[in-house]
Amino acid sequence: MEILMVGCGKMGGAMLRRWLDEVPARFTAVNRTPSAIPEGASHAGSPDALSGQKFDALIIAVKPQQIAEIMPAYTAFLKPGGCVISIAAGFSIASIRKALGAHPVIRIMPNLPALIGRSVNGLYADDACSDAHRDLATQLAETTGTAIWVETEDEIDRITAIAGSGSGYVFEIARSYVAAAEAMGFAPGTARALVLETLSGAIEMARQSDLGLDELRNSVMSKKGTTEAGINALRRNGLLDQLMLETTGAAYQRAVELR
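Numbering (the numbering used here) for the sequence shown: 1 to 259.
Printed below as a string of structure tokens:
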């Protein structure tokens with residue numbers, strides 16, 4: 001199988017590295033900077049470099065704002081019956097078809113932990129996609145983490161707001177937590193270790209437990225204890241819940257704008 005990938009930034013590069021190790025296909029990546037292409041993939045700097053070649057799948061890995069400008073030049077290299085797979089946030093199947101023509105289209109919404117094989121991938125296929133197209137998309141997704149098929153395209157944009165952007169939220173929360181530890185007098189390295197191990201342990205405990213998250217929280221708290229004091233501050237006036245609603249809502253709205 002021959003797969004053409006246009007764009008190789010942080011997300012595309014992370015996914016391509018995993019695919020090169022585990023997917024039985026030959027990958028060609030288009031990027032202006034050859035050094036950005038992982039070893040094992042062929043490089044093409046422009047459509048001219050692909051003359052005479054044909055591919056079973058065309059992967060869109062450029063920014064959503066670049067799709068209509070860049071991608072039409074590459075559809076000529078798609079084999080009859082080939083599919084288009086987009087990992088770009090927001091840009092809808094209708095917009096992809098408008099820019100690229102009437103090809104079967106699948107959207108995959110990954111997140112950055114694809115680099116370590118822990119991506120949460122939402123997938124949605126249009127009605128023109130065959131079982132073989134869906135199987136390929138599932139294989140690509142599962143190579144980088146988990147594959148979650150959804151029934152509506154809007155769910156992909158909601159997954160973008162929760163999981164696609166979610167690792168960024170977690171990194172920012174962890175950064176603030178580390179800063180608080182440093183403010184208490186811990187050295188930066190110690191503060192980072194304390195926070196990351198605390199987060200990792202709590203998440204793994206939640207993963208293994210049948211208890212709800214509120215029950216797990218309560219299991220740490222004792223009446224008038226230190227955890228209760230901290231939780232009361234964290235939840236004061238419902239600000240934490242409101243902040244998360246605003247955070248995910250803003251990301252979803254931006255995904256809708258990119259359609």
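Note that beta-carbon positions come from the ideal geometry of N, C-alpha and C, so glycine has one too.
Note the first and the last residue of the continuous beta strand (DSSP E) segment covering Y124.
In the sequence shown, counting from the first residue as 1, residue 124 sits at position 124. Its beta strand (DSSP E) spans residues 119-125.
Buried or exposed, going by whether 16 or more other CB atoms sit within 10 Å of the CB of V170?
Locating residue 170 in the sequence shown gives position 170, where the first residue counts as 1. Around the Cβ of V170, a 10 Å sphere holds fewer than 16 other Cβ atoms; the residue is exposed.
Thinking A94 and A161 are a contact (beta carbons under 8 angstroms), I'd like their distance in whole angstroms, please.
For the purposes of this step, residue 94 is taken as residue 94 along the sequence shown, with counting starting at 1. For the purposes of this step, residue 161 is taken as residue 161 along the sequence shown, with counting starting at 1. The Cβ separation is near 20 angstroms, so there is no contact.
Integer Cβ distance of I148 from G122, believed to fall under 8 angstroms
As a working note, residue 148 is residue 148 in the sequence shown. As a working note, residue 122 is residue 122 in the sequence shown. The beta-carbon separation of I148 and G122, rounded to 5 angstroms, stays under the 8 angstroms limit for a contact.
To the nearest angstrom, how far is the alpha carbon of M1 from that of S176?
Position 1 of the sequence shown holds residue 1. Position 176 of the sequence shown holds residue 176. Whole-angstrom Cα-Cα distance: 45 angstroms.
Using the Cβ count rule (16 or more neighbours within 10 Å means buried), how would you classify A250?
For this step, residue 250 is matched to residue 250 along the sequence shown. Its Cβ having fewer than 16 others within 10 Å, A250 is exposed.
Taking the beta carbon of I203 as the centre, do at least 16 other beta carbons fall within 10 Å, making it buried, or is it exposed?
As a first step, residue 203 must be located in the sequence shown, where it is residue number 203. Counting C-beta atoms within 10 angstroms of its own C-beta, I203 has fewer than 16 neighbours from the protein chains shown and is therefore classed as exposed.
Beta-carbon within less than 7 angstroms of L258's beta-carbon, same chain only, minus the 5 sequence neighbours each way: which residues are those?
Taking the first residue of the sequence shown as 1, we reach residue 258 at position 258. Within the same chain, L258 has close Cβ partners P64, A89, G90, F91.
May I have the straight-line CA-CA distance separating A191 from E197, to the nearest angstrom?
Mapped onto the sequence shown, residue 191 falls at position 191. Mapped onto the sequence shown, residue 197 falls at position 197. The C-alpha of A191 lies about 10 angstroms from the C-alpha of E197.
Which partner residues of R26 appear in the DSSP bridge assignment?
The residue labelled residue 26 in the question sits at position 26 within the sequence shown. Per DSSP, E2.
Name the DSSP bridge partner or partners of F55?
The residue labelled residue 55 in the question sits at position 55 within the sequence shown. Bridge partners of F55: L78.
From N232 to I96, what does the alpha carbon distance come to, in whole angstroms?
By one-based count along the sequence shown, residue 232 stands at place 232. By one-based count along the sequence shown, residue 96 stands at place 96. Our two residues, N232 and I96, have alpha carbons roughly 47 angstroms apart in a direct line.
Buried or exposed for S86, please, with buried defined as at least 16 other CB atoms from any protein chain shown within 10 angstroms of its CB.
Residue 86 sits at position 86 when you count from the first residue of the sequence shown. Flag for S86 reads buried.
Sort out for me which residues DSSP pairs W19 with in a bridge.
Taking the first residue of the sequence shown as position 1, residue 19 is located at position 19. For W19, which the question treats as bridged, DSSP gives no partner whatsoever.
Tell me whether T190 sits in a helix, a strand or coil according to DSSP, three-state version.
As a working mapping, residue 190 is identified with position 190 in the sequence shown. Note: T190 maps to helix in three-state DSSP.
Residues in the same chain with beta-carbon distance under 8 angstroms from E182, minus the five sequence neighbours each way, listed in chain order, please.
Here the question's residue 182 lines up with position 182 in the sequence shown. If we look at E182 and ignore the five residues flanking it on each side, its Cβ neighbours are P188, A191.
With DSSP as the reference, label M11 as helix, strand or coil.
Numbered from its first residue, the sequence shown carries residue 11 at position 11. For M11, the secondary structure class from DSSP, reduced to helix, strand or coil, is helix.
Buried or exposed for D131, going by 16 or more other Cβ atoms inside 10 Å?
Counting from 1 along the sequence shown, the entry for residue 131 is found at position 131. Exposed, because fewer than 16 other Cβ atoms sit within 10 Å of the Cβ of D131.
State the beta-bridge partners of V105 as determined by DSSP.
Locating residue 105 in the sequence shown gives position 105, where the first residue counts as 1. Paired residue(s): V84.
Close Cβ partners of E228 (< 8 angstroms) along its chain, the five nearest in sequence each way excluded:
Within the sequence shown, residue 228 is the residue found at index 228, counting from 1. Counting only Cβ-Cβ distances below 8 angstroms, and skipping sequence neighbours, we find M221, S222.
Roughly how far, in whole angstroms, is the beta-carbon of A41 from the beta-carbon of L20, given that I think they are within contact range, below 8 angstroms?
Here residue 41 refers to the residue found at position 41 of the sequence shown. Here residue 20 refers to the residue found at position 20 of the sequence shown. That belief holds up - the Cβ atoms of A41 and L20 are roughly 6 angstroms apart, short of 8 angstroms.
Is L245 buried or exposed, if buried means 16 or more other CB atoms sit within 10 Å of its CB?
Start at 1 with the first residue of the sequence shown, and residue 245 comes out as number 245. Counting Cβ neighbours within 10 Å, L245 comes out exposed, since fewer than 16 surround it.
According to DSSP, which residues form a beta bridge with H43?
Start at 1 with the first residue of the sequence shown, and residue 43 comes out as number 43. H43 pairs with A29.
Measuring CB to CB, does L58 end up less than 8 angstroms from L78?
Residue 58 sits at position 58 when you count from the first residue of the sequence shown. Residue 78 sits at position 78 when you count from the first residue of the sequence shown. For the 8 angstroms CB-CB criterion, L58 and L78 form a contact.
Classify G90 as helix, strand or coil using the three-state DSSP reduction.
By 1-based counting over the sequence shown, the position of residue 90 is 90. Looking at G90 - three-state DSSP - the assignment turns out to be coil, as it is neither helix nor strand.
Restricting to runs no shorter than 4 residues, where is the alpha helix (DSSP H) found entirely within the segment 138-201?
Listed in chain order, the complete alpha helix (DSSP H) runs (minimum 4 residues) inside the segment 138-201 are 153-159, 166-183.
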